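Okay, so the sequence shown: first residue is 99 according to my numbering, each after it adds one. Using N, Cα and C, we set each Cβ at its ideal position, and we do this for glycine too. Since this is a predicted model, take the numbers as computed values, not measurements. Scroll down for the structure; my scribbles are underneath it.
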Amino acid sequence: DQDLNGNFSFGLADQPYGTPNVDNDTIGVTVRTTAGGLGGLAVVACGGFNVPPADAGCIIDPDNDMDWHLHCPAGAPTTNCSATNLCCPNTGHHLTPVNDSMAHSGSNSLHWGYHFDLADRLKDTTRFRQIAAFMTRPINLALFPDTGDLELSFFQIADMMSNDEPTLNAKPGQAFDYGDVQIQIDQDPNPATDAWGVWDKLVPFQNVYDHIPQIWSDFQISPTYCQWTPVDAGTLPYAPRGVHETMCWPLGVWSNCGWKWDLSTTKECPGPGVQGSVGTGNWVQTKFDLHPYLGQRVRIRWIAQSWEFNQTAQSYEEYGGSNWTRDLYDEGWWVDDIRLTGEIVNQLTPTPDTKPPQAGACPATCNPAVGDHGTTASLVIRDANGDNVIERGEKLTLDASASSLPGGCVGGVAQFRFVRDGKVVEDWTTNNFFIDAPVSDVTYQLFVRCSASFTCTGTTGATVPAPVYSGDGADLSLSLTLVSGTTASIAWPARPQPTSVNGYDVFRGFTSAMNGDPSLATLTCFRSELPQQTVGNTVSVLDAAAPATGQMYYYLAGHSAIAAGAKDALGRKSDGTIRVAPVTCP
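Laid out in structure tokens, this is it:
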């Protein structure tokens, strides 16, 4: 959606932006099965399919169709371009039909597909026996990336023929038309020279492949059906026809991801779906991690292909029939908002150090005999409001930054494992903190290791309890002991207390049966405002009185509220509701 050429027209071409007399406002070029542009595509049939002369149609259509184009707004002008009349120079069946505008943002998107009828968007289709690509200009990836760098993402709607088409007799998960994203690396570190290597798949981590290509045996041994793979991917296995396969069964591809027609589904991708700025499409964002290509000069391509249905058919719409006329599943592939982070201006590729090692023995990576197997774990809990009282649901930061590796860690760094109540909540990571928000008492453990040698992995670690003020009195666990005669001791461990409470109140009631007095009608204030003790120390009170014959005393305790007239919370009932003292204390 940027007019880079300043000619008030949005163009796409097989020559890059900046080429004289070429209208290209994108970050790349189109590549087709012809010798034009920056080099053509060539293919071989995937393993198992019949090839000429057994299947004379298992070749790219001699027309060398190339259907990547800018999908401009319907009715966009093609002439008389100006700042108020932005043009789209498409022609023929790359013009956008009525009501068929599609973009995730702005007004334009990239589309691989064919608009058979400009008056009917349902007749968008895919032409058979085609392979074509949109390839970026060379991109220099950062050698020292910042946080969030070296990530590629784009929004897409893949609406191509697969088993999702209900009338197509296809095996589950198999696609007939599909797209892939691939990467190529410059083999020469000299910025002045490009020596491009082979192409290979770029594997996503979000909204990943939704199908695999059709296998040759899908319809037994067919004399007409055929799928292809590009010949520019080298010769590494699997290569049944001498070419490393990148777009054949059982590799992942996109065929049905997002949905052109409405927001009801994202088809085989989990989404979430995002409504576009124009059109009815439900867009899905796919992401890739580029860290394996740190410091490299690369090119990336979006490559799409359609199968051989038979030797003469041109497209689904032209082949027609009751099933494929105005079909919903042959629309093609839309791509928008390609975003790559971590590009630098000049190529800066790391050069391997090939010097032979010096004589002598290298120092040990670490010494597990020091400390806790070469480590010293330090764990500090910091609560959100800094009052050192952990309240129910309060955000906690478990800080391991003071940990150390006294045994050394040559060529590595400290890694941390956080454990809560015996279960790992964050496995080995270089992050020296963990965020939690407990609702009840927990115990945290921290273990440290050297990333370069796991012989230095702590087994004792650091253990820190985290008692939680629950606010409902349920954190007070009372015990009753008969001291002598009729004198009983009521005791409990002191608990953390925020500034809204101070000390403890003890209540006494009586009953003649177990679980009697459910409404606490007999409950009275027995002792008030017992002073707070160090958390964990015992708080106790004595009761020398004896209950009447046939009766028993029961005791409840609560945190003593500072607010005048406030009633203590005394734990929870069996139905989960808070039990509130019926009287104040004192």
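Per DSSP, what kind of secondary structure is residue i in: helix, strand or coil?
i, result
"Asn486", "coil"
"Trp751", "The requested residue 751 does not occur in the structure, where the chain is confined to residues 99 to 684."
"Tyr653", "strand"
"His191", "helix"
"Phe545", "strand"
"Tyr728", "The chain is shown from 99 up to 684; residue 728 falls before or after that span and cannot be answered."
"Pro130", "The sequence shown places Arg at residue 130, not Pro. Three-state DSSP puts Arg130 in coil, outside helix and strand."
"Leu640", "strand"
"Leu477", "coil"
"Glu429", "coil"
"Glu343", "coil"
"Glu492", "coil"
"Tyr417", "helix"
"Trp526", "strand"
"Asp573", "coil"
"Leu621", "coil"
"Ile533", "strand"
"Val409", "For clarity, residue 409 is Gln in the given sequence; the question names Val instead. Coil at Gln409, not helix or strand."
"Trp314", "coil"
"Ala589", "strand"
"Ile158", "coil"
"Gln304", "strand"
"Cys144", "coil"
"Gly614", "coil"
"Pro598", "Reading the sequence as shown, one finds Ser at residue 598 and not Pro. Ser598: coil per DSSP, three-state reduction."
Among residues of its own chain, excluding the 5 on either side of residue i, which ones have a beta-carbon nearer than 7 Å to its beta-carbon?
i, result
"Trp359", "Thr378 and Leu426"
"Thr423", "Glu415"
"Met650", "Phe608 and Thr609"
"Asn197", "Ala172 and Arg219"
"Thr439", "Gly246, Asp247, Leu248 and Glu249"
"Lys269", "Asn261 and Asp316"
"Asn465", "Gly472, Gly505 and Gly506"
"Pro114", "Asn122, Val127 and Arg235"
Identify, in the order they occur along the chain, each residue of the same chain with its Cβ nearer than 6 Å to the Cβ of residue i, setting aside the five sequence neighbours on each side.
i, result
"Asp163", "Arg225 and Gln228"
"Phe407", "Phe226"
"Leu668", "Gly571, Leu654, Gly656, Arg677 and Ala679"
"Val478", "Asp497"
"Gly510", "Cys548, Ser549 and Ala550"
"Leu580", "Ala586"
"Gly146", "Trp314"
"Val517", "Gln543"
"Leu136", "Because the pLDDT of Leu136 is 46, which lies under 50, any placement of that residue in the model is unreliable, and the question is left without a value."
"Pro118", "none"
"Pro493", "Correcting the residue type first, residue 493 is Lys in the shown sequence and not Pro. Within the same chain, Lys493 has close Cβ partners Ala482 and Ala535."
"Ala231", "Val129, Arg399 and Ile401"
"Trp559", "The sequence shown places Gly at residue 559, rather than the Trp named in the question. Only Ala475, Gln543, Leu544 and Phe545 meet the Cβ criterion."
Excluding five sequence neighbours on each side, which residues of the same chain lie with their C-beta closer than 8 Å to the C-beta of residue i?
i, result
"Leu241", "Leu392, Gly393, Ile442, Leu446, Thr447 and Pro448"
"Asp262", "Ser353, Asn354, Lys365, Glu366 and Tyr427"
"Thr291", "none"
"Gly340", "Val142 and Thr333"
"Ser577", "Ile588, Ala589 and Trp590"
"Trp357", "Ile255, Asp257, Thr363, Thr364, Lys365, Gly371, Gly379 and Asn380"
"Gln373", "Leu361, Gly379, Asn380 and Trp381"
"Val599", "His657, Ser658, Ala659 and Ile660"
Am I right that residue i and residue j are in contact with their C-beta atoms under 8 Å? What's the rounded C-beta distance?
i, j, result
"Ser203", "Asp434", "7 Å"
"Leu184", "Asp101", "7 Å"
"Gln383", "Asp316", "Between Asp316 and Gln383 the Cβ distance is about 31 Å, and since that is not below 8 Å, they are no contact."
"Asp121", "Pro187", "6 Å"
"Trp405", "Asp275", "6 Å"
"Pro195", "Asp153", "Pro195 to Asp153, Cβ: 34 Å. No contact."
"Phe108", "Leu193", "13 Å between Cβ atoms; not a contact."
"Ala592", "Thr632", "6 Å"
"Trp294", "Asp284", "6 Å"
"Leu628", "Val681", "Rounded, the Cβ-Cβ distance is 17 Å, inconsistent with contact."
Continuous alpha helix (DSSP H) assignments of at least 4 residues falling wholly in the region 354–405
Complete alpha helix (DSSP H) runs here, min 4: none at all.
Would you call the region 466–484 in contact with the region 493–512, where contact means no fewer than 3 C-beta pairs closer than 8 Å?
Three or more pairs of CB atoms, one per stretch, sit closer than 8 Å, so the region 466–484 contacts the region 493–512.
Taking contact to mean at least 3 C-beta pairs separated by less than 8 Å, is the region 541–548 in contact with the region 583–593?
Judged by Cβ distances under 8 Å, the region 541–548 makes no contact with the region 583–593, as fewer than three pairs qualify.
Quick one: any contact between the region 321–333 and the region 202–220, if contact means 3 or more CB pairs under 8 Å?
Fewer than three Cβ pairs drawn from the region 321–333 and the region 202–220 lie within less than 8 Å of each other, which leaves the two stretches out of contact.
So does the region 639–646 actually touch the region 568–586, counting three or more Cβ pairs closer than 8 Å?
Yes: the two stretches touch, three or more of their Cβ pairs being nearer than 8 Å.
Counting pairs of Cβ atoms below 8 Å between the region 562–570 and the region 524–531, do you hit three or more?
No: fewer than three Cβ pairs fall under 8 Å.
Do the region 228–239 and the region 450–467 make contact, defined as three or more Cβ pairs closer than 8 Å?
Between the region 228–239 and the region 450–467, the count of C-beta pairs closer than 8 Å stays below three; the two stretches do not touch.
Would you say the region 481–489 touches the region 320–329, given that touching needs at least three Cβ pairs under 8 Å?
Under the Cβ criterion (8 Å, minimum of three pairs), the region 481–489 does not count as touching the region 320–329.
Count the C-beta pairs between the region 395–410 and the region 261–280 that are closer than 8 Å, then say yes if the count reaches three, no if not.
Cβ pair count under 8 Å is three or more, so yes.
Please give the ranges of any alpha helix (DSSP H) in the region 199–286, keeping only runs that are unbroken, at least 4 residues long and fully inside the region.
With a minimum length of 4 residues, no continuous alpha helix (DSSP H) run stays inside the region 199–286.
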